[in-house]
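*Asks:* Questions regarding the structure given below will be posed in turn.
2 protein chains.
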Amino acid sequence: MQAPAAPAGSQQDGPLAGFVVLDLSRVLSGPYCTMMLRDLGATVIKVEQPLVGDEARHFLPIAPDGRSAYFAAINRGKKSIALDLKDETDRRVLDQLIARADVMVENFRPGVLDKLGLGHAALSARHPRLVYASISGFGQTGPYRTRAAYDVVVQAMSGMMSITGHPGGAPTRTGSSIGDLAAAMFMCSGIQSALLQRARTGLGAHVDVAMFDAQIALLEGAIPELFCSGASPGPIGARHSGAAPFDAFRAGDGHLVIAAGSDHLFAALASVLGSAGLTDMPQFSTRALRVANHAELKAVIEQRLAQQPVAHWLGQLERAGVPAGPLNDVATMMRDPQVASRGVLPPIEGGAGQRAPVTPIVLSGRPYPAQLPPVPALDAHREAILRFAAGEATALD
Amino acid sequence: MQAPAAPAGSQQDGPLAGFVVLDLSRVLSGPYCTMMLRDLGATVIKVEQPLVGDEARHFLPIAPDGRSAYFAAINRGKKSIALDLKDETDRRVLDQLIARADVMVENFRPGVLDKLGLGHAALSARHPRLVYASISGFGQTGPYRTRAAYDVVVQAMSGMMSITGHPGGAPTRTGSSIGDLAAAMFMCSGIQSALLQRARTGLGAHVDVAMFDAQIALLEGAIPELFCSGASPGPIGARHSGAAPFDAFRAGDGHLVIAAGSDHLFAALASVLGSAGLTDMPQFSTRALRVANHAELKAVIEQRLAQQPVAHWLGQLERAGVPAGPLNDVATMMRDPQVASRGVLPPIEGGAGQRAPVTPIVLSGRPYPAQLPPVPALDAHREAILRFAAGEATALD
Chain A
81 MQAPAAPAGS QQDGPLAGFV VLDLSRVLSG PYCTMMLRDL GATVIKVEQP
131 LVGDEARHFL PIAPDGRSAY FAAINRGKKS IALDLKDETD RRVLDQLIAR
181 ADVMVENFRP GVLDKLGLGH AALSARHPRL VYASISGFGQ TGPYRTRAAY
231 DVVVQAMSGM MSITGHPGGA PTRTGSSIGD LAAAMFMCSG IQSALLQRAR
281 TGLGAHVDVA MFDAQIALLE GAIPELFCSG ASPGPIGARH SGAAPFDAFR
331 AGDGHLVIAA GSDHLFAALA SVLGSAGLTD MPQFSTRALR VANHAELKAV
381 IEQRLAQQPV AHWLGQLERA GVPAGPLNDV ATMMRDPQVA SRGVLPPIEG
431 GAGQRAPVTP IVLSGRPYPA QLPPVPALDA HREAILRFAA GEATALD
Chain B
81 MQAPAAPAGS QQDGPLAGFV VLDLSRVLSG PYCTMMLRDL GATVIKVEQP
131 LVGDEARHFL PIAPDGRSAY FAAINRGKKS IALDLKDETD RRVLDQLIAR
181 ADVMVENFRP GVLDKLGLGH AALSARHPRL VYASISGFGQ TGPYRTRAAY
231 DVVVQAMSGM MSITGHPGGA PTRTGSSIGD LAAAMFMCSG IQSALLQRAR
281 TGLGAHVDVA MFDAQIALLE GAIPELFCSG ASPGPIGARH SGAAPFDAFR
331 AGDGHLVIAA GSDHLFAALA SVLGSAGLTD MPQFSTRALR VANHAELKAV
381 IEQRLAQQPV AHWLGQLERA GVPAGPLNDV ATMMRDPQVA SRGVLPPIEG
431 GAGQRAPVTP IVLSGRPYPA QLPPVPALDA HREAILRFAA GEATALD
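In the order they appear, the protein sequences are chains A and B.
Just so you know, we're using my numbering here: the first sequence kicks off at 81 and counts up by one.
Just so you know, we're using my numbering here: the second sequence kicks off at 81 and counts up by one.
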């Protein structure tokens, strides 16, 4: 039903081309997951409440033209239809769409969709091939299942905030919403694993991802530390608990980061610093000793670094093969030659200059898209989606 | 070749059952990705350098029995074989394994495997169905492609550290290694998308995921903020840039977090605080105004919170449906009733009591495993893997 040439921003040749995702999710965790699926080639039909739409349409920051730049970054390329889940006519459309979908994604509180007759039990009986994906704060089971959660709640409860920040300092949240994003990323894997399973068994699945569980799954170092020491680790600034030097260091005109935990890299760093003797000092002679004596080691390193600016050291460290880098702000990162070369942040079509990150998966050398597809206005694709729902069109893209 | 009953920790009924993953990766990003694939049911053959093995086998923290608890948490359930990639006999085994694998995962610096005749170009010619997955610091293309990166380097260069921490404070790294883990999670999705594509086309793919790009992809709020304001956002402690109140707050005996950005939740919070008038104050009357006046709002809220302990407020907030939670340390999180009920942290078989987080994806109500499979000693599965490589066994699990 489309012109033979793929429209700008089309992912018809992406690995998930042909899969249809019905997206009932709102705000961040669900929409980020369906953004990934869209970027990988799936068609995503975003079902929104009439008039208001996804509440993230009204979230800060707001662009000069009045739309939410936050919403735009995460929802480009989706097809929007406004449907009232409690209205009989709209429900018939939704039921048609469910029948045509491979995947349905939702992030309501557990139980909400059951009451509307849209729970997994009801739908799987009628649509056994459907992959039904539920992201929630605490999961579909357990004593907290009906509690709502937002990012900072799971960052706090998981222990993630207890290991982020500085010793004795105020509570610190990771600056991005990794509570939502980790759940979104795990769900994207969970959905695809269910699709691979369906290819074998013919049956869909209910995929249950909890933001809380997802955050705990990221504690790759802290949980082993507690096991070994018997004490919960605390925040350690920019350091790593298991490697040193692996931290931010002050040079002549600012900070840089250096990651030289192995004996080999530590020797290369010592050579760059003109402190070859560093590797002979008994307190720094093994990885474990460098971690134990990290404060003394940092003082010695910063004494040398103070003598030259950051740019000098980064050049030297790069030549020596020592992993290091500048502490970029977001604007500096966006001008970075590597970011430009890979095209990590294409402009959004019709986005008045707004750029957004791609889903960072390059397949077989196919570059990231030069432009991201447009952001749907609320209900923008109503007619096309109705035709698709009724079986009058075979595809939306 | 196994007893008909699945052994403890077997994932033979997981969604990726039957897929074979050849894992040449080391340390964290690659191994975390293959841990996810294993937890989802795939067979993972871990190829390690002789004698030393994956260098993470020697990483802190070290358990009382002398093994790395860090390594254990990420490598449980994999099958290990030691192979010297430069030895002719070992290379024949590796070539046999490649021929039998669906997926190969590696995180060497770009170019290293090409020099050994194990690059994507060489292998895809002989094995067109192979999904070849490469995680690197900066990707397979661009001016930085041959640079090494560790977690703190991409957290710094991406701008993630520029938005994490407190205004005017020292540089702060997220306490977990999200530089590695985000790349691992994107790669897990990338691999599965390539497998789904292969089911349609019969052809494998080269999947290229860069830690740097993956970190940029997590800046869901900061990049839109720069677009709208023209200035790079800075660190804001435990706050959220687009919602308030959404922060850590001090109560009578410690901190808690509250996420009540919407008008509805803000009204519920005001009611819990016994400050119904809060919603009538003009400076707090909209979401945007609450964000603009967040410091004043925090002071008002903390004045009320100071009058009772954390536990009091958490009970009240839960009853009112306001998302909130305690700032748990890792030990407290591990005792949480929800964590116990879902079984998020099962013991590792043979792990002397060590627990590790599951891959947080529940499929169709199948609970997380009650026990995680054992951690392989270096080269522990040599004989079985050699039989599998030679075609004398059809499966390893």
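Cβ atoms here follow ideal geometry from the backbone N, Cα and C, with glycine treated the same way.
Just tell me which of Arg-370(B), Pro-362(B), Gly-94(B) and Lys-378(B) has its CA closest to the CA of Leu-353(B).
*Replies:* Comparing Cα positions, the closest option is Lys-378(B).
*Asks:* Using Cβ-Cβ distances below 8 Å, what residues of the stretch 296-310 of chain B are close to chain A?
*Replies:* Listed in sequence order: Ile-296, Ala-297, Leu-298, Leu-299, Glu-300, Gly-301, Ala-302, Ile-303, Pro-304, Glu-305, Leu-306, Phe-307, Cys-308 and Ser-309.
*Asks:* For Met-251(A), report the span of its beta strand (DSSP E) as first-last.
*Replies:* According to the sequence displayed, residue 251(A) carries Pro and not Met. Per DSSP, Pro-251(A) belongs to no beta strand (DSSP E) and is neither H nor E.
*Asks:* Can you tell me whether Arg-435(B) is buried or exposed, with buried defined as 16 or more other CB within 10 angstroms of its CB?
*Replies:* Arg-435(B) should be labelled buried.
*Asks:* I'd like the span of the beta strand (DSSP E) that includes Ser-216(B), first residue to last.
*Replies:* That run of the beta strand (DSSP E) goes 211-216.
*Asks:* Does DSSP put Glu-128(A) in a helix, a strand or coil?
*Replies:* Of the three classes helix, strand and coil, the one that applies to Glu-128(A) here is strand, per DSSP.
*Asks:* So, for Thr-221(B): in the same chain, excluding its five sequence neighbours on each side, which residues have a beta-carbon less than 8 Å away from its beta-carbon?
*Replies:* So the list reads Asp-288, once near-sequence residues are dropped.
*Asks:* One question on the structure: do Ala-473(B) and Thr-123(B) come within less than 8 Å of each other, judged by their Cβ atoms?
*Replies:* Contact: no.
*Asks:* Can you tell me the Cα-Cα spacing of Val-29(A) and Leu-210(B), whole angstroms?
*Replies:* Nothing can be reported for residue 29(A): it is not among the residues displayed for chain A, which extend from 81 to 477.
*Asks:* Can you tell me whether Lys-166(A) is buried or exposed, with buried defined as 16 or more other CB within 10 angstroms of its CB?
*Replies:* When all chains shown are included, Lys-166(A) counts as exposed.
*Asks:* Identify which residue in Asp-170(B), Thr-252(B), Asp-194(B) and Ala-262(B) has its Cα closest to the Cα of Asn-408(A).
*Replies:* Considering only alpha carbons, the answer is Thr-252(B).
*Asks:* Nearest-angstrom Cα distance between Gly-282(B) and Thr-244(A)?
*Replies:* So the alpha carbons of these two residues sit roughly 45 Å apart.
*Asks:* In whole angstroms, give me the CA-to-CA distance for Arg-370(A) and Leu-458(B).
*Replies:* Cα-Cα distance, rounded: 26 Å.
*Asks:* Leu-120(B) to Ser-351(B), Cα distance in whole Å?
*Replies:* If you take the alpha carbons of Leu-120(B) and Ser-351(B), they lie about 45 Å apart.
*Asks:* What's the call for Gly-301(B), buried or exposed, on a 16-neighbour Cβ count within 10 Å?
*Replies:* With 16 or more Cβ atoms within 10 Å of its Cβ, Gly-301(B) is classed as buried.
*Asks:* With a floor of 4 residues, list each alpha helix (DSSP H) that falls wholly inside the stretch 280-350 of chain A, ordered by position along the chain.
*Replies:* You should have 291-296 and 302-309.
*Asks:* For the stretch 102-135 of chain B, which residues have a beta carbon sitting closer than 8 Å to at least one beta carbon of chain A?
*Replies:* Going along the stretch 102-135 of chain B in chain order, one finds Leu-108, Tyr-112, Met-116, Leu-120, Gly-121 and Glu-135 with a Cβ nearer than 8 Å to chain A.
*Asks:* Can you tell me where the beta strand (DSSP E) holding Ile-161(B) begins and where it ends?
*Replies:* Element bounds for Ile-161(B): 159-162.
*Asks:* Have a look at the DSSP bridge pairing and note the partners of Ile-428(B).
*Replies:* Answer by DSSP bridge pairing, in chain order: Leu-452(B).
*Asks:* Provide the residue span of the beta strand (DSSP E) that contains Pro-111(A), from first to last.
*Replies:* It is not in any beta strand (DSSP E) - Pro-111(A) instead sits in the alpha helix (DSSP H) that spans 109-119.
*Asks:* Quick one: does Ser-242(A) have its CB under 8 Å from some CB of chain B?
*Replies:* Output row for Ser-242(A): interface = yes.
*Asks:* Assign Glu-168(A) to buried or exposed, taking buried as 16 or more other Cβ atoms, counted over all protein chains shown, within 10 Å of its Cβ.
*Replies:* So Glu-168(A) counts as exposed.
*Asks:* DSSP beta-bridge partners for Gly-354(A)?
*Replies:* In the DSSP output, where bridge partners are listed per residue, Gly-354(A) has none listed.
*Asks:* Pull up the DSSP beta-bridge partners for Pro-406(B), would you.
*Replies:* Looking at the DSSP assignment, Pro-406(B) forms a beta bridge with Leu-336(B).
*Asks:* How far does the beta strand (DSSP E) with Met-184(B) in it extend, from its first residue to its last?
*Replies:* That run of the beta strand (DSSP E) goes 183-186.
*Asks:* In chain A, which residues lie less than 7 Å from Gly-445(B) when you measure between Cβ atoms?
*Replies:* Residues of chain A passing the Cβ test: His-286.
*Asks:* Take Met-291(A) as the anchor and find which of Gly-433(A), Tyr-230(A) and Pro-208(A) has the nearest alpha-carbon.
*Replies:* Checked all of Gly-433(A), Tyr-230(A) and Pro-208(A); the closest Cα to Met-291(A) is Tyr-230(A).
*Asks:* Please decide whether Ala-83(B) counts as near chain A, where near means a Cβ-Cβ distance under 8 Å.
*Replies:* With a pLDDT of 31 at Ala-83(B), under the threshold of 50, the modelled position of that residue is not reliable, and the figure given next carries that caveat. False, the Cβ-Cβ gap to chain A never drops below 8 Å.
*Asks:* Just the chain B side, please: which residues come within less than 9 Å of Phe-188(A) by C-beta, in chain order?
*Replies:* None at all; the shortest Cβ gap to chain B is about 14 Å.
*Asks:* Counting only Cβ-Cβ distances shorter than 9 Å, please list the residues of the stretch 416-427 of chain B near chain A, keeping chain order.
*Replies:* Cβ contacts with chain A: Asp-416, Pro-417, Gln-418, Val-419, Ala-420, Ser-421, Arg-422, Val-424 and Leu-425.
*Asks:* Kindly indicate which three-state DSSP category Val-438(A) falls into: helix, strand or coil?
*Replies:* DSSP places Val-438(A) in coil when its eight states are reduced to three.
*Asks:* So what's Ser-148(B) in DSSP terms, helix, strand or just coil?
*Replies:* If DSSP states are grouped into helix, strand and coil, Ser-148(B) belongs with the strands.
*Asks:* Given a cut-off of 8 Å, decide if Pro-427(A) and Leu-452(A) are closer than it, judged by their beta-carbon atoms.
*Replies:* Cβ atoms of Leu-452(A) and Pro-427(A): closer than 8 Å.
*Asks:* Can you list, in chain order, the residues of its chain with a C-beta nearer than 8 Å to that of Ala-479(B)? Leave out the 5 residues immediately preceding and following it.
*Replies:* Past the edges of chain B, shown from 81 to 477, lies residue 479(B), and the structure says nothing about it.
*Asks:* Quick one: is Ser-309(A) buried, meaning 16 or more other Cβ sit within 10 Å of its Cβ, or exposed?
*Replies:* Exposed, because fewer than 16 other Cβ atoms sit within 10 Å of the Cβ of Ser-309(A).
*Asks:* Where do the N-terminal and C-terminal ends of the alpha helix (DSSP H) with Asp-194(A) fall, by residue?
*Replies:* Residues 192-195.
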